[in-house]
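A.B. asks:
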Amino acid sequence: DADGISFRVTSDADGNWSQTIALGEATLAVDSTTVPPDYVLTTGNDTQTVTVPEGGVATEPIGYQPAPASVSGTVWVDLDGDLTRTHPEPPLGGIEIRLLD
Numbered sequence: 007d008a009d010g011i012s013f014r015v016t017s018d019a020d021g022n023w024s025q026t027i028a029l030g031e032a033t034l035a036v037d038s039t040t041v042p043p044d045y046v047l048t049t050g051n052d053t054q055t056v057t058v059p060e061g062g063v064a065t066e067p068i069g070y071q072p073a074p075a076s077v078s079g080t081v082w083v084d085l086d087g088d089l090t091r092t093h094p095e096p097p098l099g100g101i102e103i104r105l106l107d
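For the sequence shown, position 40 (counting from the first letter as 1) is numbered 46 according to the numbering used here, and the numbering increases by one without interruption.
(1) Considering just the uninterrupted stretch of the beta strand (DSSP E) at G30, what are its terminal residues?
(2) Please name the residue in P94, L89, D52, P59 whose C-alpha comes closest to that of T40.
(3) In three-state terms, what does DSSP make of T49?
(4) Shorter than 8 Å, the distance from the beta carbon of T39 to the closest heavy atom of the ligand GDP, or not?
(5) Are the stretch 43-62 and the stretch 79-91 touching by the rule of at least three beta carbon pairs closer than 8 Å?
(6) Mind the definition here: the stretch 65-79 touches the stretch 41-48 only if three or more C-beta pairs lie below 8 Å; say whether that holds.
(7) Hey, could you find the ends of the beta strand (DSSP E) Q71 is sitting in?
(8) Taking the Cβ atom as the reference point for each residue, do Q54 and L29 lie within a distance shorter than 9 Å?
(9) Tell me, please, which residues DSSP counts as bridged to V115.
Below is the structure:
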């Protein structure tokens with residue numbers, strides 16, 4: 007087409023996609039606007055070149071995973087037991103926080 011794109015395919019619910027093309031080299035490019043927000047590529051680049059051999063099939067994995075996230079908080083002496091840190095409730099250092107699966 008006018009953008010230089012020969013084919014557009016969309017992965018199915020299982021992440022699979024396929025397109026019949028001519029033998030030789032082909033360039034694959036992921037449309038990053040269709041990737042869920044906060045996902046990062048885990049395999050190579052979002053544009054890759056593959057070679058389709060005679061009588062064969064070329065496969066190219068394209069992996070994404072959710073971007074790393076973080077959790078944080080504050081440990082304090084809850085003097086009045088209201089579950090809200092208010093002045094003058096002091097921080098409580100040296101407390102080990104364990105993140106469980």
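Note that CB positions come from ideal geometry on N, CA and C, so glycine has one too.
None of the values given here were measured: they were computed from a predicted structure.
C.D. replies: On the basis of the coordinates in this document:
(1) 30-35
(2) D52
(3) Look at T49 here: in three-state DSSP terms it is coil, with no helix or strand label.
(4) This structure lacks the ligand GDP, and indeed carries no ligand of any kind.
(5) no
(6) yes
(7) 70-72
(8) no
(9) Any question about residue 115 goes unanswered here, given that the chain covers just 7 to 107.
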